[in-house]
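Numbering (our numbering), first residue to last: 20 to 169. For each residue, glycine too, the CB sits at the ideal point set by N, CA and C. In this text, all values refer to a predicted model and were calculated from it rather than measured experimentally. Input: a single structure, listed below in structure tokens.
In structure tokens:
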């Protein structure tokens with residue numbers, strides 16, 4: 020296996036509108052731009068994405084697994100307010116959103132296991148929504164039924 024090292028620095032990469040960012044195939048989301056760190060053909064697929072205030076990303080999934088980590092700002096994610104430090108992991112075919120950026124905008128790290136392939140939701144697609152206790156579970160808050168387990 021050939022060795023390779025990829026090196027980039029934040030200040031050396033331009034902010035690119037999402038529709039022009041490698042891996043998003045023209046998916047246009049006004050108010051979103053990103054920096055791509057990686058190799059579009061072989062990976063890794065690592066992005067730093069910023070959203071201007073009030074940016075709305077529609078319900079969607081990706082062609083592969085994605086992990087997001089919110090660095091700055093707030094999101095309204097499926098009706099739940101999330102703040103810096105929020106970690107979010109999706110498997111292919113899991114639809115999330117809409118995501119709405121807060122009044123100050125936001126910045127997030129997005130890491131994909133393969134070419135991102137933004138796939139918008141359409142009627143008839145899997146329309147999974149989190150169960151009522153999902154946010155408590157996702158944020159490590161135990162419900163009363165879990166009080167006896169440690």
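Sequence-distant residues of the same chain with beta carbon closer than 6 Å to residue i, five excluded per side
i	result
residue 27	56
residue 87	107, 127 and 129
residue 75	117 and 119
Three-way DSSP call (helix, strand, coil) for residue i in this model
i	result
residue 54	strand
residue 31	helix
residue 122	strand
residue 141	coil
Residue interval of the beta strand (DSSP E) (run including residue i)
i	result
residue 68	64-70
residue 86	85-96
residue 79	79-81
Cβ neighbours of residue i in the same chain (closer than 8 Å, five flanking residues each side left out)
i	result
residue 32	54, 55 and 56
residue 85	108, 109, 129, 130, 131, 132 and 135
residue 29	54 and 67
residue 59	41, 42 and 134
Rounded separation between residue i and residue j - CA only
i	j	result
residue 91	residue 78	21 Å
Same chain only: Cβ atoms within 7 Å of residue i, ignoring 5 sequence neighbours per side
i	result
residue 38	45, 46 and 47
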